[in-house]
Structure formats: structure tokens, C-alpha cells
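Residue numbers (my numbering), protein chains in the order written: chain A, 1375 to 1491; chain B, 485 to 595. Beneath this line is the structure, given in C-alpha cells, with notes to follow.
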Amino acid sequence: GAVVSQHPSRVICKSGTSVKIECRSLDFQATTMFWYRQFPKQSLMLMATSNEGSKATYEQGVEKDKFLINHASLTLSTLTVTSAHPEDSSFYICSAWTGKGSGNTIYFGEGSWLTVV
Amino acid sequence: DAKTTQPTSMDCAEGRAANLPCNHSTISGNEYVYWYRQIHSQGPQYIIHGLKNNETNEMASLIITEDRKSSTLILPHATLRDTAVYYCIVRGNQAGTALIFGKGTTLSVSS
């Protein structure tokens, strides 16, 4: 299947700092990418939908000024957690849609563990 | 998006077929049934998807009832590495439509 890669896989940052997570589609162009957050023993929660070249659409309750999403190219989307706090510690996962002509499937990255200390 | 109902957990002996059911009684005509699984601390892995016909790939088979109100994911010969949370998700075909995850079924495969 198609490959989606996230970097970094694990990151520890100090409270108050910002951290950026990258999501790349390695072998296909993704006009649409999605960002999720997952807390321990819970299911994935959709944070936002990102379309290349336009502003992301955030789910209700997700602060757009805190979770900055940029989708500047067809193969790269980034999530920046600004002014991180310990409660932002979580597993962040991105996914990308392959498009109707490529099996109409969504593939996920490996996920990024964020720990804010 | 239509919601799905799955059993919370299932057990399966190694080497036997694992049959995971999913109810999606409110599915609409243009919505697909997707199956993903998540092994602990990893991103979800795509398994299979279908619209109304049964589908098979190297990982699994997907059986969709004629009225499309339910489906079954079949892992023909379960192994210990198939232990994971399995998610059945209904999704429309539009580009901006995300996968919305429920709680899924925790499948435990034992020797």
C-alpha cells in the first residue's frame, strides 16, 4: 500500500515551547491530509482536515491557534503544537487520502509521541 | 457519516479464522465500509474496503450483506501478530471526508 511517514516518532519538549510534526506521503500526492490525536486507551480523535494550498478545517473544540497546520505541498503537511503544556502530551497521527483514482483509500503515518515536561 | 457497532472484544485461537462483525444499519448508498487495525503504539493499518461486493486481498476478506446493513471481516488464519484493535468505519467517497473512529473490537489471538 501507499506509504505515509511521520517525523519525529518521539519528541520531548519543555512546557511553553513549540514543536513541529511532519507528515509526508512518500509515493503519492495527497490533496487532503488529516490529523488525529489519541490519548492512552482511547480511540483516535480527528483534529483537523488539511487541504493543499488552503486553510485547515478544525473540529469543534480544537484550538486552531494552538495547533497550527500547514499543507504547503501535495506531499507534506505539518502540525505545530504551540506553547505546549503537559496536557498536550499525546500520540499524534496523520493520514492522507490517495484520491479516487488510486483506490480511494486513506493511509496513516506511524504516529508521533509528544511528551511535554 | 453513518455510525457502526462492533463487539468490544473477541478471542481467537492461532491458526483459526477470525470473523469480526460490524453493524452499520444507517449506511447510505454512496458510503464505503472500511476496515483498519491498530497494533499498540502504532498508526492504524489499512486492511480492506468495499462498497457492496465482497472483497478479498492478501490480508483479509470483507463480506457485506446484500442490504449493506452489516459486514464481516475475515482473517482466514489468525496469527499472534493479528492481535490488535480492529475498526470498522463507514465513509463517503468525497476527498475531504475523514475516517471517524469508534471504539473498535479488540481481537486477542492466542496459541
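We treat Cβ as the ideally placed atom computed from N, Cα and C, and that holds for glycine.
Kindly say whether Thr1452 of chain A, judged by its beta-carbon, lies nearer than 8 angstroms to any beta-carbon of chain B. Look at Thr1452 of chain A: its C-beta is not under 8 angstroms from any C-beta on chain B.
Please name the residue, chosen from B:Thr589, B:Thr489, B:Val574, B:Gly580, that lies closest to Asn1425 of chain A on a Cα-to-Cα basis. With distances taken between CA atoms, Asn1425 of chain A lies nearest to B:Gly580 out of B:Thr589, B:Thr489, B:Val574, B:Gly580.
Considering only residues of the same chain and omitting the five flanking positions on each side of Ser1476 of chain A, which have a CB-CB separation below 8 angstroms? At Ser1476 of chain A, the pLDDT of 47 sits below 50, so the modelled position is not reliable; the number obtained from the coordinates is stated separately. Excluding residues within five positions, the ones whose Cβ falls inside 8 angstroms are Ala1376, Phe1402.
Distance between Leu1420 of chain A and Ala1430 of chain A (C-alpha atoms, nearest Å): Straight-line Cα distance between these residues: approximately 12 angstroms.
Do three or more CB pairs link the stretch 497 to 517 of chain B to the stretch 545 to 557 of chain B at distances below 8 angstroms? When C-beta atoms of the stretch 497 to 517 of chain B are compared with those of the stretch 545 to 557 of chain B, three or more pairs fall below 8 angstroms, so the two segments count as touching.
Please tell me whether Val1491 of chain A and Ile1386 of chain A are closer than 8 angstroms, where the distance is taken between their beta carbons. One thing to note: Val1491 of chain A has its Cβ within 8 angstroms of the Cβ of Ile1386 of chain A.
When the cut-off is 8 angstroms and only beta carbons count, does Lys587 of chain B lie next to chain A? Yes, Lys587 of chain B lies at the interface with chain A (some Cβ there is under 8 angstroms from its Cβ).
Taking only beta-carbon positions, decide if Ile1443 of chain A is within less than 8 angstroms of chain B. The beta-carbon of Ile1443 of chain A is placed no less than 8 angstroms from the nearest beta-carbon of chain B.
Output, in sequence order along the chain, the residues in the stretch 519 to 548 of chain B whose CB is closer than 9 angstroms to any CB in chain A. Under the 9 angstroms Cβ criterion, the stretch 519 to 548 of chain B contributes Tyr520, Gln522, Ser525, Gln526, Gly527, Pro528, Gln529, Tyr530, His533.
Using only CA atoms, which one of A:Gln1380, A:Pro1460, A:Phe1408, A:Ser1463 lies nearest to Ile1443 of chain A? Measuring from the Cα of Ile1443 of chain A, the nearest candidate turns out to be A:Phe1408.
When you compare only the Cα positions, how much space is there between Leu1400 of chain A and Arg1411 of chain A? Each residue's Cα considered, the two are about 22 angstroms apart.
Using the beta-carbon of each residue, which ones in chain A are nearer than 8 angstroms to Ile584 of chain B? Those within 8 angstroms of Ile584 of chain B in chain A are Leu1420.
If you check the beta carbons only, do Ile547 of chain B and Asn541 of chain B fall under 8 angstroms apart? No; because the gap between Cβ atoms is not below 8 angstroms, this pair is not in contact.
Under 9 angstroms between beta-carbons, which chain A residues line up against Gly499 of chain B? List them in chain order, please. Chain A residues near Gly499 of chain B: none, gap ~25 angstroms exceeds 9 angstroms.
Roughly how far, in whole angstroms, is the beta-carbon of Ile531 of chain B from the beta-carbon of Arg521 of chain B, given that I think they are within contact range, below 8 angstroms? For a cut-off of 8 angstroms, the C-beta gap from Ile531 of chain B to Arg521 of chain B is around 6 angstroms, short enough to register as a contact.
Determine the DSSP secondary structure at Leu583 of chain B, reduced to helix, strand or coil. DSSP places Leu583 of chain B outside both helix and strand once states are collapsed to three, so it counts as coil.
Looking at Gly586 of chain B and Tyr570 of chain B, is the spacing between their C-beta atoms short of 8 angstroms? No, they are not a contact pair.
Using the three-state DSSP reduction, which class does Glu515 of chain B fall into: helix, strand or coil? DSSP places Glu515 of chain B in coil when its eight states are reduced to three.
Candidates B:Ala568, B:Val593, B:Gly588, B:Ser595: closest to His524 of chain B by CA position: Out of B:Ala568, B:Val593, B:Gly588, B:Ser595, B:Ala568 has the C-alpha closest to the C-alpha of His524 of chain B.
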